[in-house]
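*Asks:* Position in the sequence shown (from 1) plus 234 gives the number in the working numbering.
Every residue gets a Cβ at the ideal spot worked out from N, C-alpha and C, and that includes glycine.
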Amino acid sequence: MPAPVMEWESRIGRRVRLRDLHILASVVQAGSMAGAAAKLRMSQPAISEAIANLEAALRVRLLDRSPRGVEPTIYADALLRRGRVVFDELSQGVRDIEFLADPTVGEVRIGCPENLASGFVPTIIDRMSRRYPRIAFHVTPVEPAAMGFRELRERSVDLMVGRILHPPLDDDLNAEVLFEDRLLVVAGSRSPWTRRRKIAIEELMHAHWVHLPANTPVDAYVTAGLEARGFVLPPPTVRTYSMHVRNHLISTGRFLALIWNWTLNFNASAWSFKALPVELGIPARPVAIVTLKNRTLSPVVEIFIAHARELAQSMQPSSLKGVAPRSTTGRRVQPVRPLQPRQAGSKHRGDPG
Numbered sequence: 235m236p237a238p239v240m241e242w243e244s245r246i247g248r249r250v251r252l253r254d255l256h257i258l259a260s261v262v263q264a265g266s267m268a269g270a271a272a273k274l275r276m277s278q279p280a281i282s283e284a285i286a287n288l289e290a291a292l293r294v295r296l297l298d299r300s301p302r303g304v305e306p307t308i309y310a311d312a313l314l315r316r317g318r319v320v321f322d323e324l325s326q327g328v329r330d331i332e333f334l335a336d337p338t339v340g341e342v343r344i345g346c347p348e349n350l351a352s353g354f355v356p357t358i359i360d361r362m363s364r365r366y367p368r369i370a371f372h373v374t375p376v377e378p379a380a381m382g383f384r385e386l387r388e389r390s391v392d393l394m395v396g397r398i399l400h401p402p403l404d405d406d407l408n409a410e411v412l413f414e415d416r417l418l419v420v421a422g423s424r425s426p427w428t429r430r431r432k433i434a435i436e437e438l439m440h441a442h443w444v445h446l447p448a449n450t451p452v453d454a455y456v457t458a459g460l461e462a463r464g465f466v467l468p469p470p471t472v473r474t475y476s477m478h479v480r481n482h483l484i485s486t487g488r489f490l491a492l493i494w495n496w497t498l499n500f501n502a503s504a505w506s507f508k509a510l511p512v513e514l515g516i517p518a519r520p521v522a523i524v525t526l527k528n529r530t531l532s533p534v535v536e537i538f539i540a541h542a543r544e545l546a547q548s549m550q551p552s553s554l555k556g557v558a559p560r561s562t563t564g565r566r567v568q569p570v571r572p573l574q575p576r577q578a579g580s581k582h583r584g585d586p587g
């Protein structure tokens, strides 16, 4: 047997256990041996022994100990980064087995911004849950662009749904474009602006605005789009990520805001808002499902993606249904086929928002 294989078998393959990796991850997360012991309901000596066994097998120090607790060394960080992949693949395997035993059971973990969690994503969940009532959904509110796809790379979500503002995406990500969306200027039904049939963008420069926080990807995208036309959005009265704050202020009739077209359409009956007749000149952006490249998706996640395609196709104008949508490069991509196994979609690199 070659020496490297023998080394693996004798020093690592037989001595590094998944249980010990799990204990190491718990210690790092808790910041102390005592905290991990309480979380795992184990004795502290047992925790210490597991860490010592790992360090002996790998022949490196994994934790730096101090009166304030423990910190992972560079070796622990490297081990845990790979370990997350191992645990995720095992979890996916268990979920695959559950699906094979009962195709109506499983779990889908979704990350998306609030503006898509208020319409598009819940509509998919509603449709899918009617057909598969025992599938569980976990929706995590995230701003993918601002967080750099952290939750996806840490495998705490199966997929992210977001808008691609600045292609291309990083090489470790896949993106499948679902539909195009554009920003609208929106006012409450009591706003005097809603009685106007035509509005020049210059007239809105002195209005009260509710906008996203500064130095965020969407804010930068809007700023660049307006500057290309020679305009600068005035300092907003309120900056917030909260849709609740924004919607309440818009409903007073005193504030304006930018809202994505399909977010407004999905909530037309719930919100008393109106899109104003003003052309921003900011290009539409694609909404895409983003997944981690080379990561196996469970069957129920594939079902979710198929339902997303089906809903996106239904949102197309009637004259375009059945026509292959365009990618952001202007080329045709494959037509959407409802509830079929996932096809390779358009790949983009950039920031969804």
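1) Between Ala291 and Arg318, what straight-line distance do the alpha-carbon atoms span, to the nearest angstrom?
2) Going along the chain, which residues of its own chain have a beta-carbon closer than 8 Å to the beta-carbon of Gly487, five neighbours each way excluded?
3) Could you name the residues that DSSP lists as bridge partners for Thr457?
4) Quick test of the definition: if touching needs 3 or more C-beta pairs under 8 Å, does the stretch 499-510 touch the stretch 382-395?
5) So Leu588 and Thr357 are supposed to be a Cβ contact under 8 Å. How far apart are they, rounded?
6) Within the continuous beta strand (DSSP E) that includes Ile493, where are the two ends?
7) Starting from Ile257 and walking both ways along the alpha helix (DSSP H), at which residues does that stretch end?
8) Are the C-beta of Asp392 and some C-beta of chain D separated by less than 8 Å?
9) Would you kindly work out how many angstroms separate the C-alpha atoms of Pro559 and Arg275, rounded to a whole number?
10) In or out: Met267 buried (at least 16 other Cβ within 10 Å) or exposed?
11) Please state the DSSP three-state secondary structure of Leu545.
12) Could you pull out every residue in the same chain whose Cβ sits closer than 6 Å to the Cβ of Gly345, ignoring the five residues on either side in sequence?
13) Which of helix, strand or coil does DSSP assign to Met276?
14) Roughly how many whole angstroms lie between the Cα atoms of Ser532 and Pro451?
15) DSSP state of Ile433, grouped into three classes?
16) Provide the residue(s) that pair with His445 in DSSP beta bridges, ordered along the chain.
17) Let me make sure I understand the geometry here. Which of Val419, Leu418 and Ile398 has the alpha-carbon closest to that of Leu412?
18) The beta strand (DSSP E) with Pro520 in it runs from where to where?
19) What first and last residue would you give for the beta strand (DSSP E) that runs through Ser363?
20) Rounded to whole angstroms, what's the CA-CA distance from Arg387 to Gly515? Just pull it up for me.
21) Would DSSP call Glu513 helix, strand or coil?
22) Ser548: which of Phe354, Arg429 and Phe507 sits nearest, CA to CA?
23) Taking the alpha carbon of Ala522 as the point to measure from, which residue in Leu350, Arg343, Val466 and Gly340 has its own alpha carbon closest?
24) Which whole runs of the beta strand (DSSP E) in the stretch 409-433 are 3 residues long or more, in chain order?
25) Would you call the stretch 440-448 and the stretch 365-372 touching, i.e. three or more CB-CB distances under 8 Å?
26) Who pairs with Arg329 in a beta bridge, going by DSSP?
27) Three-state secondary structure (DSSP) at Ser580?
28) Might you give, ordered along the chain, the residues of its own chain that have their beta carbon closer than 8 Å to the beta carbon of Met477, omitting 5 neighbours on each side?
*Replies:* Short version:
1) Here residue 291 refers to the residue found at position 57 of the sequence shown. Here residue 318 refers to the residue found at position 84 of the sequence shown. About 19 Å.
2) To locate residue 487, count along the sequence shown from 1; it is residue 253. Cβ within range, chain order: Ala421, Gly422, Ser423, Arg424, Ser425 and Pro426.
3) Here residue 457 is taken as the residue at index 223 of the sequence shown, counted from 1. Partner(s): none; Thr457 has no beta bridge.
4) no
5) With the chain covering only 235 through 587, there is no way to say anything about residue 588.
6) Counting from one through the sequence shown, the residue named residue 493 turns up at place 259. Phe489 to Trp494 is the extent of the beta strand (DSSP E) around Ile493.
7) Counted from its first residue, the sequence shown places residue 257 at position 23. Residues Leu252 to Ala264.
8) Chain labels in this structure do not include chain D; a single protein chain is all it has.
9) Here the question's residue 559 lines up with position 325 in the sequence shown. Here the question's residue 275 lines up with position 41 in the sequence shown. Below a pLDDT of 50, predicted positions are generally treated as unreliable, and Pro559, at 43, falls in that range; the measurement from the model is reported next regardless. Roughly 53 Å separates the two Cα atoms.
10) Numbered from its first residue, the sequence shown carries residue 267 at position 33. Result: buried.
11) Indexing the sequence shown from 1 puts residue 545 at position 311. Looking at Leu545 - three-state DSSP - the assignment turns out to be helix.
12) On the sequence shown, residue 345 is found 111 positions in, with the first residue counted as 1. Closer than 6 Å at the Cβ level, and outside the excluded window around Gly345, lie Thr374, Val376, Glu385, Val391 and Met394.
13) The sequence position of residue 276 within the sequence shown is 42, counting from 1. Coil.
14) Locating residue 532 in the sequence shown gives position 298, where the first residue counts as 1. Locating residue 451 in the sequence shown gives position 217, where the first residue counts as 1. Answer to the nearest angstrom: the Cα atoms are 31 Å apart.
15) The residue labelled residue 433 in the question sits at position 199 within the sequence shown. Ile433: coil per DSSP, three-state reduction.
16) As a position in the sequence shown, residue 445 is number 211, starting the count at 1. His445 is bridged to Arg473.
17) To locate residue 412, count along the sequence shown from 1; it is residue 178. The residue with the shortest Cα to Cα distance from Leu412 is Ile398.
18) Here residue 520 corresponds to residue number 286 of the sequence shown, with the count starting at 1. First-last of the beta strand (DSSP E) with Pro520: Arg519 to Leu526.
19) Locating residue 363 in the sequence shown gives position 129, counting from the first residue. Unbroken run through Ser363 is the alpha helix (DSSP H), Phe354 to Arg365; no beta strand (DSSP E).
20) For the purposes of this step, residue 387 is taken as residue 153 along the sequence shown, with counting starting at 1. For the purposes of this step, residue 515 is taken as residue 281 along the sequence shown, with counting starting at 1. One C-alpha to the other measures close to 34 Å.
21) Residue mapping note: residue 513 aligns to position 279 of the sequence shown, counting from 1. Coil.
22) Taking the first residue of the sequence shown as position 1, residue 548 is located at position 314. It is Phe354.
23) Against the sequence shown, residue 522 aligns to sequence position 288. Here the closest residue by C-alpha is Leu350.
24) 417-422
25) no
26) Counted from its first residue, the sequence shown places residue 329 at position 95. Partner(s): none; Arg329 has no beta bridge.
27) Reading the sequence shown from its first residue, position 346 is the one you call residue 580. Caution applies to Ser580, whose pLDDT of 44 falls short of 50 and renders its modelled position unreliable; the value that the coordinates give is listed next. If DSSP states are grouped into helix, strand and coil, Ser580 belongs with coil.
28) Looking up residue 477 in the sequence shown gives position 243. For Met477, where only same-chain residues beyond five positions count, the Cβ hits under 8 Å are Glu348, Asn349 and Ser352.
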